[in-house]
Structure formats: structure tokens, C-alpha cells
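J.: Per the numbering used here, the sequence shown starts with residue 7, numbered consecutively.
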Amino acid sequence: MNVVCDPQPNCIVNLQVELSADQVTREWQSIAKDFQRQARIPGYRPGKAPQSLIDTRFAKDIREELEKKLLRDSINEAIKQKNLRVLSVSKVEDVQIGDDKTMRYRASVVTAPEFELPDYSALTVELAKKVVEEADVQKWIEQFRDPHATFEAVEGRPLAMGDYAVVTYEGKIGDRLLSEALPKAPAQLQGRRNAWIFMDEGTLVPGFAKELVGMAINEERSFALDVPADFPLEDLRGAKVSYSATLHGINSKQLPPLDDALAEKIEPGKTLEALRAEIRERLENLAESQFQNAKRNAALKQLLSHVQCELPAQTVQREVSSILREIVQENQVRGVSDDELRSHQDELVGLAQQSALDRVRGNFLLLRVAEKEKLEVNETDMLMAVSEMARRYEIPVKKLVKDLHSREGFGPIREQILMGKALDLIAANVTVREPAGGTAKA
Numbered sequence: 007m008n009v010v011c012d013p014q015p016n017c018i019v020n021l022q023v024e025l026s027a028d029q030v031t032r033e034w035q036s037i038a039k040d041f042q043r044q045a046r047i048p049g050y051r052p053g054k055a056p057q058s059l060i061d062t063r064f065a066k067d068i069r070e071e072l073e074k075k076l077l078r079d080s081i082n083e084a085i086k087q088k089n090l091r092v093l094s095v096s097k098v099e100d101v102q103i104g105d106d107k108t109m110r111y112r113a114s115v116v117t118a119p120e121f122e123l124p125d126y127s128a129l130t131v132e133l134a135k136k137v138v139e140e141a142d143v144q145k146w147i148e149q150f151r152d153p154h155a156t157f158e159a160v161e162g163r164p165l166a167m168g169d170y171a172v173v174t175y176e177g178k179i180g181d182r183l184l185s186e187a188l189p190k191a192p193a194q195l196q197g198r199r200n201a202w203i204f205m206d207e208g209t210l211v212p213g214f215a216k217e218l219v220g221m222a223i224n225e226e227r228s229f230a231l232d233v234p235a236d237f238p239l240e241d242l243r244g245a246k247v248s249y250s251a252t253l254h255g256i257n258s259k260q261l262p263p264l265d266d267a268l269a270e271k272i273e274p275g276k277t278l279e280a281l282r283a284e285i286r287e288r289l290e291n292l293a294e295s296q297f298q299n300a301k302r303n304a305a306l307k308q309l310l311s312h313v314q315c316e317l318p319a320q321t322v323q324r325e326v327s328s329i330l331r332e333i334v335q336e337n338q339v340r341g342v343s344d345d346e347l348r349s350h351q352d353e354l355v356g357l358a359q360q361s362a363l364d365r366v367r368g369n370f371l372l373l374r375v376a377e378k379e380k381l382e383v384n385e386t387d388m389l390m391a392v393s394e395m396a397r398r399y400e401i402p403v404k405k406l407v408k409d410l411h412s413r414e415g416f417g418p419i420r421e422q423i424l425m426g427k428a429l430d431l432i433a434a435n436v437t438v439r440e441p442a443g444g445t446a447k448a
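1) Name the residue from Val211, Val9 and Pro124 whose alpha carbon lies nearest to the alpha carbon of Ser80.
2) Do you know how far the Cα of Gln260 is from the Cα of Gly168?
3) Assuming the contact rule is C-beta atoms closer than 8 Å, Glu273 and Leu281 should be a hit. Round their C-beta distance to whole Å, please.
4) Does the pairing of the stretch 80 to 94 with the stretch 113 to 123 give three or more beta-carbon distances under 8 Å?
5) Select from Gln149, Val160, Val334 and Val342 the residue whose C-alpha is nearest the C-alpha of Leu357.
6) Tell me which same chain residues have a C-beta within less than 8 Å of the C-beta of Glu284, skipping the five on either side of it?
7) Thinking just about the alpha-carbon of each residue, which of Asp364, Ser26, Glu207 and Arg439 is nearest to the one in Asp106?
8) Please go through the same chain and pick out, in chain order, the residues whose beta-carbon is closer than 7 Å to the beta-carbon of Ala300, but skip the five residues on each side of it.
9) Is the stretch 97 to 105 in contact with the stretch 297 to 312, if contact means three or more CB pairs nearer than 8 Å?
10) Are Gln44 and Ile60 close, meaning C-beta to C-beta below 7 Å?
11) Who are the Cβ neighbours of Gln14 in its own chain at under 7 Å, not counting the five residues just before and after it?
12) What residue range does the alpha helix (DSSP H) around Lys216 cover?
13) Less than 8 Å between the CB atoms is what I'm expecting for Gly244 and Ala230, so what's the real figure, rounded?
14) Give me the DSSP bridge partner(s) of Val173.
15) Cβ atoms of Glu158 and Ser228: under 7 Å apart, would you say?
16) When DSSP labels each residue in this structure, what does Arg439 get in the three-state scheme?
17) Given that a residue counts as buried once 16 or more other Cβ atoms are within 10 Å of its Cβ, and exposed if not, what is Pro48?
18) Considering only C-alpha positions, which residue in the set Phe150, Cys17, Ile18 and Leu72 is nearest to Asp265?
19) Can you tell me where the alpha helix (DSSP H) holding Met109 begins and where it ends?
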């Protein structure tokens, strides 16, 4: 078999393949023999029809089977012969079987990028590990107090910052109600009746709470606010919104004392001292996990600074799409509107493209490390990965396994496991040096 390689940009390699007449003839005869054994032709016992008759009657079927088998086998042989790291076969064309029984065709394959693997045996990264302090533990304890707080009506004084005001209010832009001018705006911006409002500078439109300070119960006020240019709701940026408000009540939040009784409510059977110790342990475990992840990321980033190579365009584009989905889902969870996301589309796409380039390069680097170190994925690794996927997506393991089989989804999982093992191996040999500033606080 003769193979000519023609490398192209974006990790594409064009192949020109020619199979000898002897190879094609041997394969034709083998396939024709199979047809002869299985053919049912009137006047002949099964398997006894003349080969010449089989060749004539089933010529088209034999040729189709011949092409499929020779293409499959010869492409694999060509890849092995030229030592190519092929990701996929993008196309096969111009398949010809000549009168001389030789077979020729052209194929395009997508290959993994070629690069020199940098030394990963002894990396040094500069990284500070977070130290959990008593103030961090106290901060978490305070958060646990909040759900157990009570509210008391305030009498004998006006409204102040930090109170919870019971207010009926309505917003306008010019002469139009905000609910009419901007029907898609959140209801809490448009106006509400008997709403509980926390008196804080960040409540509703900046300045809203400040305008209410000093109000007495049943007092009415009207005021106008200039919406800042960086306000989250784009349609309101730079607008002047006027509000009318009536105060119905004032409440103050009363946090429970920090004692064993509160600890018992938060975690039955725990004293306050035991709860503090548990929170500290959780924070220290979190700090350790973040430190290990940061060490891995720093090591990979350092290695990637020594790897410059072309990347398969299709692989990068798939990663761009995946990252964009992640960005959209994350922002939707945070409450960012689709209109807001569309207004930053070019910026998000640019960010996704750069992230995709780094991620794809990192993946190829880790797979090369796994190959060099002869890392393997065993049955337990796969079982744990599939079980975790089933738990995350809340579907039965058997159903997930069936779905993965149907779409050949085990390959990507295997690669993810290999990359994780390669990164663990790299990180195990990393030396961490603290930056000049020393350790970081949690």
C-alpha cells in the first residue's frame, strides 16, 4: 500500500492512498467466496453455484462490501504507517477501482496537534494557602443566626437604615407608570403594596432607602432618583424614576444569642463549641481543596506557556459552544436576563474563544502526558465516573449507561479520567513557594 501525506492548516492531513492489485484481488475473492456460500440460486445447491456466476450476479454488492472493508482497513493501516494521531476521519472521496484492479482514494483526517512535551517532572509555582481564622468561623456562625431571627414592631421613633419597612410604593418615568413604561422590569422596581423593604443603600434603586429615612408611620413621600449608568437593568440606566411611598410599619430584626440553645437548633446534639469546631474543620477542608485546585491550575498554566501549536478548528469550536452554554446557564442562575446577555454577545464570544483555546491545548497536553506515562483507565474508574454523572443528572445508572452506549459517549469520559490522572501526576511533583505577601486569609 502506498500512502502520501499532505499536511494542511488546522491539524488537517490529506491522504492519497493506493492499494495494490494483489491486495484488492485477494479481498474481492474472499468476499465473493462468502457470497457464494450464502447465495440461493435456482438450479444450484446452496454454496455450489459457479464463482463466475456469483461474480456477475452480485458484482455491485461485492464491490460495495469490498470498498467498505478496504477503506476501513486501509485508512487504519495508513494512519499506523504514517504514525498519525488521528482524532477523526472528516471525509473520503474519489474512490476508484481501476481495470488493473488497483484501488485509489483521497481522505482527510483531523489529527491531534504536534508539539514538544515540556518537562513536567519538577515544576515550582508561587501560591498562598488560605488560613482559616476565628473571624471566618464567626462569619459563618452569624449566617446561621439569621434564619432563627425574630422581628419586633418599632414604635416611638422614625424609620432608620437597618430597619425593615412595610411600604406601599409606586414608580413612574415621566407621566407613565413604571409598570406600563417597562412591563418586563421586576415587580419590586415597579411598585408593590405592603412590601417589606430592608433599609439598605443597595435596596431597589440606589438612594431609594435613603429617601425613606426619617419617615413616620402613615407618612407619605414623593421623590425622584437618577438611575446610575451601571445599573443591572439596562433599560433603566440613566433614567429618572419618581416614586411615591407610604409607610405602614417599622420592624427591627432581633438575632438570637450565640449559645448552646442556638447550636442545638442549627445541629441537634451540638454545643456552640462543637459547632464552631465543625465549621472550622469544614472551612479548612474547603481551603485545602481550593489550594490543591489552584496548584493544579498553576502547574498547567505554566506548562501551557511552553506549548504553541495549531489546534483542530472543529474541536475548538465545539469547546467554544460548550463554554458559551456554561456562561449562559451561570448568568441565568444569577438572574441576568437574556436581553442583557445578548447586549454583551461579542464580549462573551471573545471570552469563550480564548478560554476554549486554552482548554483544548490543555486537554491535548494532558493526554500526551497520560500517553507518555502509560496511564490507564480501569473498570472501577469508569464505574465511579458514570455513577457520579448519574447522581448529578438525577437519572438511573442503567439508563445513563444505555444512553452512553447509543451515542458512543464512553470515549470522552475515558479521556476526562485520563486527563485528571495526568494532572494529578503533574501536581504531585509540584513545589509550592509562598509569595512575598505570605499566606492568604480565608
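Built from N, CA and C at the ideal position, the CB exists for glycine as well.
All values derive from a computational prediction rather than experimental measurement.
T.: According to the data block:
1) Here the question's residue 80 lines up with position 74 in the sequence shown. For the residues Val211, Val9 and Pro124, the minimum Cα distance to Ser80 belongs to Val9.
2) Taking the first residue of the sequence shown as position 1, residue 168 is located at position 162. Taking the first residue of the sequence shown as position 1, residue 260 is located at position 254. If I take the Cα positions, the gap works out to 11 Å.
3) The count along the sequence shown starts at 1 and reaches residue 273 at position 267. The count along the sequence shown starts at 1 and reaches residue 281 at position 275. Yes, Glu273 and Leu281 are in contact; Cβ-Cβ is about 6 Å, under 8 Å.
4) yes
5) Working through the sequence shown from its first residue, we reach residue 357 at position 351. Comparing Cα-Cα distances from Leu357 to each of Gln149, Val160, Val334 and Val342, the minimum goes to Val334.
6) Position 278 of the sequence shown, counting from 1, holds the residue named residue 284. These residues qualify, in order along the chain: Glu273 and Lys276.
7) Taking the first residue of the sequence shown as 1, we reach residue 106 at position 100. Asp106 has its Cα closest to that of Ser26, out of Asp364, Ser26, Glu207 and Arg439.
8) Taking the sequence shown and counting its residues from 1, the one referred to as residue 300 is at position 294. Excluding positions up to five away in sequence, the list reads Leu133.
9) no
10) Counting from 1 along the sequence shown, the entry for residue 44 is found at position 38. Counting from 1 along the sequence shown, the entry for residue 60 is found at position 54. Contact: no.
11) Within the sequence shown, the letter at position 8 stands for residue 14. Excluding sequence neighbours, Gln14 sits near Asn20.
12) Start at 1 with the first residue of the sequence shown, and residue 216 comes out as number 210. Where Lys216 is concerned, the enclosing alpha helix (DSSP H) stretches over Phe214 to Leu218.
13) One-based indexing of the sequence shown puts residue 244 at position 238. One-based indexing of the sequence shown puts residue 230 at position 224. With a Cβ gap of about 14 Å, Gly244 and Ala230 do not count as contacting.
14) Along the sequence shown, one-based indexing puts residue 173 at 167. Ala201 and Leu253, per the DSSP bridge assignment.
15) Within the sequence shown, the letter at position 222 stands for residue 228. Within the sequence shown, the letter at position 152 stands for residue 158. Result no, Cβ atoms of Ser228 and Glu158 do not sit closer than 7 Å.
16) The residue you call residue 439 lines up with position 433 of the sequence shown. Residue state, collapsed to three classes: strand.
17) By 1-based counting over the sequence shown, the position of residue 48 is 42. Classification of Pro48: exposed, given that the 10 Å Cβ count is below 16.
18) What you label residue 265 is simply residue 259 of the sequence shown in a count that begins at 1. Ranking the options by Cα distance to Asp265, first place goes to Phe150.
19) Position 103 of the sequence shown, counting from 1, holds the residue named residue 109. Met109 -> not in any alpha helix (DSSP H); beta strand (DSSP E) instead, spanning Met109 to Thr117.
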